[in-house]
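To start, the structure under review is shown below, and the notes come after it.
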Amino acid sequence: MTRRAKAGGEGVAVAGPGLLRRGGVRGAVVGLALALGFALVGLTAAPAMAAPAVVAPASLAAPAVGSPAVAALAAAAAPAKAAPSAAEPAPISAIGTGVNDFTFTSFSGDYTLGRDASGHSTLTTVETLDAQFPSIDQNHGIQRAIPTKYDGHPTDVNIVSITDGNGNARSYSTQTQDDLLLVTIAADDYVHGSQAYVLTYTQTNVTQYFSNTNDDEFYWDTNGTAWKQPFASATATVHVPADLAGNLNGKTACYWGVAGATDTCDITSSATASATTGAADTTFTTSPQQLAAGENVTVSIGFQPGTFTPRDNSFFASPAAIAELIFAILAVLVAVGAIILRSTYLKDGKGRPTIIAEYTVPPGVNLLVASVIYKQDKRAPAASFVSLAVRRNIQIVEQEKSGWGGKTYWLRLTSLDGLDPTELELVKLLFGDSLQLGAWMQIQKQDTTLAKGIYALMQSTRKQVVTDGLVRGGTTLFSALFALAVIVFGGLAFLAGSLAIGDDYGGALPFILIGVCVVAAITVFVAGFKKPLTATGAELRDYIKGLELYIRLAEKDRFAMLQSPEGALKTQVNAPDWGQVVKIYEKLLPYAVLLNLETEWSQVLGTYYEQLGSQPEWYGGNVGAFNAALFVGTISSLSSVVDSSLAASTSSSSSGGSGGGGFSGGGGGGGGGGGV
1 MTRRAKAGGE
11 GVAVAGPGLL
21 RRGGVRGAVV
31 GLALALGFAL
41 VGLTAAPAMA
51 APAVVAPASL
61 AAPAVGSPAV
71 AALAAAAAPA
81 KAAPSAAEPA
91 PISAIGTGVN
101 DFTFTSFSGD
111 YTLGRDASGH
121 STLTTVETLD
131 AQFPSIDQNH
141 GIQRAIPTKY
151 DGHPTDVNIV
161 SITDGNGNAR
171 SYSTQTQDDL
181 LLVTIAADDY
191 VHGSQAYVLT
201 YTQTNVTQYF
211 SNTNDDEFYW
221 DTNGTAWKQP
231 FASATATVHV
241 PADLAGNLNG
251 KTACYWGVAG
261 ATDTCDITSS
271 ATASATTGAA
281 DTTFTTSPQQ
291 LAAGENVTVS
301 IGFQPGTFTP
311 RDNSFFASPA
321 AIAELIFAIL
331 AVLVAVGAII
341 LRSTYLKDGK
351 GRPTIIAEYT
361 VPPGVNLLVA
371 SVIYKQDKRA
381 PAASFVSLAV
391 RRNIQIVEQE
401 KSGWGGKTYW
411 LRLTSLDGLD
421 PTELELVKLL
431 FGDSLQLGAW
441 MQIQKQDTTL
451 AKGIYALMQS
461 TRKQVVTDGL
471 VRGGTTLFSA
481 LFALAVIVFG
491 GLAFLAGSLA
501 IGDDYGGALP
511 FILIGVCVVA
521 AITVFVAGFK
531 KPLTATGAEL
541 RDYIKGLELY
551 IRLAEKDRFA
561 MLQSPEGALK
571 TQVNAPDWGQ
581 VVKIYEKLLP
591 YAVLLNLETE
601 WSQVLGTYYE
611 QLGSQPEWYG
621 GNVGAFNAAL
631 FVGTISSLSS
641 VVDSSLAAST
651 SSSSSGGSGG
661 GGFSGGGGGG
671 GGGGGV
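Structure (structure tokens):
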């Protein structure tokens, strides 16, 4: 077997027991360093003696046909390849500290490859790890990290047993982390000296077809590249039973070193006749020596293509994926049922056949009710404050903060005339139950008490619109049943889909079906929980639409409507009586705020105030003479402050290895571990 020696970071091929071995070089280097350390105070390291570059022929027991790497190794005079720049196994004091400060005298991996009735590959692994712990109370045992996936799919790792070297069971625990099964083998007491840990576990679908070699391959990492401890030796033995041995194609390879290293090692094969069938089982063995921390042994054994049935990752190969599809279909059917229910039984009453522009507010309707009917609940508080102001119940006062502080807004109670019970409750929230005229209230950035009070008032208003015959009640049961159904079916689809995704079935389809279920759930909640308007409620809704249409009209069209015969029936405006226009437009300002059109409408209203040379008596501040632009900014800013105040308070390798083109750590299996 060809071995590698390192000195000063360079590697050479060494053959035969009589030549300088890697362990001897390391012993010489360490001994020299220690001697110099004792001789020279303050020196902690010394130059390492370079090993002579000895070149020996290398060969594989079963050469990979057509492989460039194998062809190069077959050339007897070819120079040895440089070793990867991996650190040499260090003395135990330099390896690490804490529970990882120990070594392994050996690793032995015994792998029995098989094939189940469906043609899928199976693997039974028996790992023996001989650990050497320090004499101090440091370790309770080891932890082994076993990869649970190969080429993206799970290998169904199943722990059969964990014992010591004499077959006595050891206590252990397991947990899954990312794509690793962490097996912690720990005793209650500290362990010292030599300890053997024997792990037996099974896996499935451990082979893969590689197009670059046109082979089915068992391409497998043994001890793994994630150990922090060195191994004095690592032996891998692969058993191929007679029923599979006939499919071997003669291509084998062995790689060792850190992850990505392409250094090769000898792998030998032998045939043993089965005692029962007489057919020959084949065994492959490799045993590199002196592996540093992070170094691994990878074996690759080639089979004729089609020897193993590849894992079917398609969607319909997974029962979980099929279950997800069924539940997703049921969730969609529930959503379709909710849409049908909404368009029939839960359909809004008949409103106006045509929306016509309206320029007077609906009589007897407060802004909170209007906001519920028009689905503008979030704009209701600010619109209600402006409504109270333009009706002269309160006065809005803007005040500049000193420095760069911006503006603050104060409300002053001026009158209780014309308030309905809901509006009276709102005024009490603002100024207290005493309702003392002249009382002041500042709109805070975050007013939790006011926010909770307005929320309760909105909840009461939602009940009121049902009582007043604007919204039809008695539909909650239907909505709840549809919601329950979509939650159950969607939840089951999510669980089944998660299993399919975890087992790498169906590609993107399980994700898509989960998204479909989310859309179905949203549809049910939007369609099923929207209480239908009665005919009276639909009429009010369409009336508000008419107000929105009027506010959005050009000014000349609005004024033409005011002077039309139809308009004259509602109010009399004789141009250019700007005072009458202002009175009409003031009343529409709260609805402009409700409809998020306050910027446009306050600009129109501000222009008329300027033409009149006056300032609205419901608005005051330290801004001096009235300015339309400042007025627009004030209304928009007030709306934003109120909205924000209440919202803040309520709210693996891709190519084969048997042909010689692989590397250490490129196969399945492997992993790593450490001490505990």
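Residue 1 is where the sequence shown starts when you use the UniProt record's numbering, and the numbers rise one by one after that.
Glycine included, C-beta positions come from ideal geometry on N, C-alpha and C.
These numbers come from a predicted model, not from an experiment.
For this session: Pick helix, strand or coil for residue 527, following the three-state DSSP scheme.
Result: helix
Exercise. Does the distance from the C-beta atom of residue 384 to that of residue 426 stay below 8 angstroms?
Worked result: yes
Exercise. Buried or exposed: which applies to residue 372, given that a residue is buried once 16 or more other Cβ atoms fall within 10 Å of its Cβ?
Worked result: buried
Exercise. Can the beta-carbon of residue 230 be found less than 8 angstroms from the beta-carbon of residue 104?
Worked result: yes
Exercise. What first and last residue would you give for the alpha helix (DSSP H) that runs through residue 218?
Worked result: Element bounds for residue 218: not the alpha helix (DSSP H) but the beta strand (DSSP E), 215-221.
Problem set entry | Selection from 169, 178, 133 that minimises the alpha carbon distance to residue 681 | This structure gives no information on residue 681, because the portion of the chain shown stretches from 1 to 676.
Exercise. Does DSSP put residue 179 in a helix, in a strand, or in coil?
Worked result: coil
For this session: Kindly indicate which three-state DSSP category residue 578 falls into: helix, strand or coil?
Result: helix
Exercise. I think residue 223 touches residue 302, with their Cβ atoms under 8 angstroms apart; what is that distance to the nearest whole Å?
Worked result: With 8 angstroms as the limit, residue 223 and residue 302 do not qualify as a contact, their Cβ atoms being about 22 angstroms apart.
For this session: May I ask you to list the residues that DSSP assigns as paired with residue 501?
Result: Answer is none; residue 501 lacks a bridge partner.
Exercise. How many Å lie between residue 397 and residue 412 at the Cα?
Worked result: 8 angstroms
For this session: Could you please give me the residues that DSSP links to residue 467 through a beta bridge?
Result: None; residue 467 has no bridge partner.
For this session: Ignore the nearest five residues each way along the sequence and tell me which others in residue 161's own chain have a CB closer than 6 angstroms to its CB.
Result: 200
Problem set entry | Host alpha helix (DSSP H) of residue 295 (start-end) | Residue 295 -> no alpha helix (DSSP H), and no H or E assigned at all.
For this session: Decide if the region 180-197 is in contact with the region 124-141; the criterion is three or more beta carbon pairs, one per stretch, under 8 angstroms apart.
Result: yes
Exercise. Just checking, does the region 464-484 make contact with the region 321-331 on the three C-beta pairs under 8 angstroms criterion?
Worked result: no
Problem set entry | Span separating the alpha-carbon of residue 365 from that of residue 374 | 12 angstroms
Problem set entry | Coarse secondary structure for residue 536, derived from DSSP in three states | helix
For this session: Can you have a look at residue 345 and say buried or exposed, based on whether 16 or more other CB atoms are within 10 angstroms of its CB?
Result: exposed
Exercise. For residue 259, which option in 225, 218, 246, 284 has the closest C-alpha, if you only look at C-alpha atoms?
Worked result: 225
Exercise. Which of helix, strand or coil does DSSP assign to residue 265?
Worked result: coil
Exercise. Looking at C-alpha atoms only, which residue of 445, 449, 428, 447 is the closest neighbour of residue 439?
Worked result: 428
For this session: Go ahead and pull the three-state DSSP assignment for residue 243.
Result: helix
For this session: Evaluate residue 555 with the Cβ neighbour count: other Cβ atoms within 10 Å of its Cβ, from every protein chain shown; 16 or more gives buried, anything less gives exposed.
Result: exposed
Problem set entry | 8 angstroms contact criterion, which residue 320 and residue 499 should meet: CB distance rounded | 4 angstroms
For this session: Report the three-state DSSP secondary structure of residue 137 (helix, strand or coil).
Result: coil
Exercise. Whose C-beta lies closer than 7 angstroms to the C-beta of residue 149 among residues of the same chain, with five residues either side of it excluded?
Worked result: 155, 179
Exercise. When the Cα of residue 370 is compared with those of 340, 461, 409, 447, which residue comes out closest?
Worked result: 461
For this session: Keeping to the same chain, check which residues put their C-beta closer than 6 angstroms to that of residue 586; ignore five residues upstream and five downstream.
Result: 390
Problem set entry | Segment limits, alpha helix (DSSP H) that includes residue 678 | Outside the displayed range of the chain (1 to 676) lies residue 678, so it cannot be described from this structure.
Problem set entry | Backbone secondary structure at residue 637 - three-state DSSP | helix
For this session: Mind checking which residues open and close the beta strand (DSSP E) that includes residue 109?
Result: 103-115
Exercise. Taking just the CA atoms, how far does residue 290 sit from residue 45?
Worked result: A caution first: residue 45 carries a pLDDT of 38, below 50, which makes its placement in the model unreliable, though a value can still be read off. The alpha-carbon atoms of residue 45 and residue 290 are separated by roughly 22 angstroms.
Problem set entry | Assigned exposure category for residue 560 - 16 Cβ within 10 Å defines buried | exposed
Problem set entry | Length of the line joining the Cα atoms of residue 637 and residue 507 | 50 angstroms
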